[in-house]
Amino acid sequence: MAINIGIVIVYALLLGGIYYETLTYMVARWDGDYSYCYLVPPIVLYLLWENRKEVMRKPAAVGPWGLIPFFLGVAFFWFGEFGGEYLSLFLSFWLVLVGLLWIHLGREKIKAVWFPLVLIPTMFPPPSFLHNKLTVYLQLAASKLGVDMIHLAGITAYRDGNIIDLGFTRLQVVEACSGLRYLFPLIILGLLLAYFFKAKLWKRSLLVVSAIPLAIFTNSMRIALTGIISELWSTEAAEGFFHGFSGWFIFMFSLAVLLLEMWLLGKIPDGRDEQAGKDEVSPKKTSVSSSPAGRNTGNVWGFGALITILILTGTLGFARMHEYREQVPALQSMRYFPMEIDGWKGTRQPLESDVLKELDLTDYVWADYRNDKGRDVNFYMAYYASQRKGESIHSPESCLPGGGWLFKEAGTISLAPPRPGMTSLVVNRAIMQKLDYRQIVYYWFPQRGRDLTNAYQLKLFTFWDALTINRTDGALVRLITPVYSDESAKDSEERLLRFTWEVQPLLGEYIPGRAIDK
0 MAINIGIVIV
10 YALLLGGIYY
20 ETLTYMVARW
30 DGDYSYCYLV
40 PPIVLYLLWE
50 NRKEVMRKPA
60 AVGPWGLIPF
70 FLGVAFFWFG
80 EFGGEYLSLF
90 LSFWLVLVGL
100 LWIHLGREKI
110 KAVWFPLVLI
120 PTMFPPPSFL
130 HNKLTVYLQL
140 AASKLGVDMI
150 HLAGITAYRD
160 GNIIDLGFTR
170 LQVVEACSGL
180 RYLFPLIILG
190 LLLAYFFKAK
200 LWKRSLLVVS
210 AIPLAIFTNS
220 MRIALTGIIS
230 ELWSTEAAEG
240 FFHGFSGWFI
250 FMFSLAVLLL
260 EMWLLGKIPD
270 GRDEQAGKDE
280 VSPKKTSVSS
290 SPAGRNTGNV
300 WGFGALITIL
310 ILTGTLGFAR
320 MHEYREQVPA
330 LQSMRYFPME
340 IDGWKGTRQP
350 LESDVLKELD
360 LTDYVWADYR
370 NDKGRDVNFY
380 MAYYASQRKG
390 ESIHSPESCL
400 PGGGWLFKEA
410 GTISLAPPRP
420 GMTSLVVNRA
430 IMQKLDYRQI
440 VYYWFPQRGR
450 DLTNAYQLKL
460 FTFWDALTIN
470 RTDGALVRLI
480 TPVYSDESAK
490 DSEERLLRFT
500 WEVQPLLGEY
510 IPGRAIDK
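Numbering that gives the first Met the number 0 numbers the first residue of the sequence shown as 0 and each following residue consecutively.
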């Protein structure tokens, strides 16, 4: 089958026009925890080159089933454009690419290169909310396991969240040390080893899955060795050469463990040798479909190309014609948020510049309010004028645990209105505990007239409102009160509930609802 170079060029131009911004953003994210992504394209190209002879032997045919991933990819494109989530756009590019290859090459050729195609999504960085959750979880897991290893070495250590106190020094397991930069590369390494590992599916699956606990264990060992070296030599030695070198050492150690696991799994008999012997004895049947000439080759670059080119051209045209300038409501600045609310007196707190840069918010207020009994409630409200493409609200669930707080009794509750004329309010509620100190927290996400409680709701309604009213703005409201030693948790929650209903009517002046003035 001759490849129509002209149609290939047309496809390349259309995909470049549609996904240029998406791919540019993706490559820009390939730093820090995702620097391994630079290695994925060369690996994919190498695997495609290795399978080129098998691809040429397979019959060429029109693959109508390729329209399924193609149309799904187009749908994901619009979801990502309006919903503001780059992962949807990454998946859209991949699905459209797979669909086009399937349509023009057919099922048999696609089967010959299935693994390189499956490997492509490993170069897609996850969305911000998932990255934040993974980072916090891995930080806490690495800190806890690292402290246990330090204790085994006979060194006293105390963990406060992601901070390890060794007495003579304190080690902070920051985001860069969470182990996320080891987790995904080791999973990819496990996939590659499993691909070349000629064994039963359960053995190859076990090899891939084992990369996850291995990544957590080896990163914890790295943290523990940092603490041990700080004790035996000096903090400078631990944070100097060893800190940089240990990353490579841990990765090579993990590779050795995976290879050892492969060797051990290979020693377990699974009946492959007997089946292989039967396959060698049984003659292979030759069919017309195994011929390079194949069947259904005459229309490979015809009707299917016409449909896909028309759809891609329309997608590119509508994407360029659509006005993405969002309607951002004009509201009062939160610097004017009242510091006196029905007997509560507040003291405004500033956020540090590096925190502001990380949060990437539009406006905020953070204040400690105290009542006439000397009891405090911390109030935080952040507003985002846009949540499109990489911009998203940071949930307290993904940042507070990093300070050593344990979330207990976490879930959503409905707050009954205290007086007629007010509507109930559904919020996330949790008891946070650090040692003997407890706090109660409420938080929710006011989004264009809706009060939401989780990230999936945020994404769904962001997509819908971007499509229908050209808006993606939204906010986070969080209230925290301590459980004082001379009171019960019930007393503390009643205080938090009262303050919540005092502040709730004020939010509409600083957070826009569904309808806005034109």
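Ideal Cβ placement from N, Cα and C applies to all residues, glycine included.
query: Can you list, in chain order, the stretches of the beta strand (DSSP E) that have 3 or more residues and sit fully within the region 454 to 482?; result: 473 to 481
query: State the beta-bridge partners of Ser385 as determined by DSSP.; result: The partner list for Ser385 (beta bridge, DSSP) is empty, contrary to what the question assumes.
query: Fully enclosed by the region 21 to 82, which beta strand (DSSP E) runs are 3 residues long or longer?; result: none
query: So, helix, strand or coil for Ser352, using DSSP?; result: helix
query: Apart from the five residues just before and just after Ile523, which ones in its own chain have a Cβ nearer than 6 Å to its Cβ?; result: The chain is shown from 0 up to 517; residue 523 falls before or after that span and cannot be answered.
query: In the DSSP assignment, what are the bridge partners of Asp450?; result: Pro445
query: Considering only their Cβ atoms, is the gap separating Leu213 from Leu264 smaller than 9 Å?; result: no
query: Taking the C-alpha atoms as reference points, what is the distance between Met148 and Ser219?; result: 8 Å
query: May I ask which residues mark the beginning and end of the alpha helix (DSSP H) holding Leu94?; result: 85 to 104
query: Three-state secondary structure (DSSP) at Val376?; result: strand
query: With a 10 Å radius around its C-beta and 16 neighbouring C-beta atoms as the bar for buried, classify Glu396 as buried or exposed.; result: buried
query: Pop quiz: Ile267 and Thr217 are said to be a contact at Cβ under 8 Å. What is the actual Cβ separation, rounded to whole angstroms?; result: No, Ile267 and Thr217 are not in contact; Cβ-Cβ is about 24 Å, not under 8 Å.
query: Where DSSP assigns a beta bridge to Ser413, which residues make up the other side?; result: Val425
query: Looking at C-alpha atoms only, which residue of Ile510, Trp500, Val440, Leu451 is the closest neighbour of Thr480?; result: Val440
query: Look up Val327 in the DSSP assignment and say whether it is helix, strand or coil.; result: coil
query: Ignore the nearest five residues each way along the sequence and tell me which others in Leu144's own chain have a CB closer than 6 Å to its CB.; result: Ser219
query: May I ask you to report which of helix, strand or coil DSSP gives Ala223?; result: helix
query: Could you check whether Leu457 and Leu478 sit closer than 9 Å to each other, using their CB atoms as the reference points?; result: no
query: Report buried or exposed for Trp101, applying the criterion of at least 16 other Cβ atoms within 10 angstroms of its Cβ.; result: buried
query: Between Asp437 and Ala429, what straight-line distance do the alpha-carbon atoms span, to the nearest angstrom?; result: Reading the sequence as shown, one finds Arg at residue 437 and not Asp. Answer to the nearest angstrom: the Cα atoms are 10 Å apart.
query: Can you pull the DSSP bridge partners for Asp367?; result: Thr346, Asn377
query: Do you know how far the Cα of Tyr35 is from the Cα of Gly297?; result: A caution first: Gly297 carries a pLDDT of 45, below 50, which makes its placement in the model unreliable, though a value can still be read off. Roughly 42 Å between the two C-alpha positions.
query: State buried or exposed for Met25, treating a residue as buried only when at least 16 other CB atoms are found within 10 Å of its CB.; result: buried
query: Taking a contact to mean a Cβ-Cβ separation below 9 Å, would you say Phe81 touches Ser91 in this structure?; result: no
query: What residue from Arg106, Gly313, Glu501 has the CA that sits closest to Arg418's CA?; result: Glu501
query: Please check the pair Tyr382 and Ile468, which I expect to be a contact at CB under 8 Å, by giving their CB distance rounded to whole angstroms.; result: About 17 Å; that fails the 8 Å criterion.
query: Please state if the CB of Leu104 and the CB of Gly62 are separated by a distance shorter than 9 Å.; result: yes
query: Which class does Glu339 belong to by DSSP, given the choice of helix, strand or coil?; result: strand
query: Is it right to say Gln348 is buried, meaning 16 or more other beta carbons lie within 10 angstroms of its own, or is it exposed?; result: exposed
query: Take every Cβ of the region 50 to 66, pair it with every Cβ of the region 103 to 117, and state whether three or more of those distances are shorter than 8 Å.; result: yes
query: For Gly226, tell me which candidate among Leu14, Thr155, Tyr194 has the shortest Cα-Cα distance.; result: Thr155
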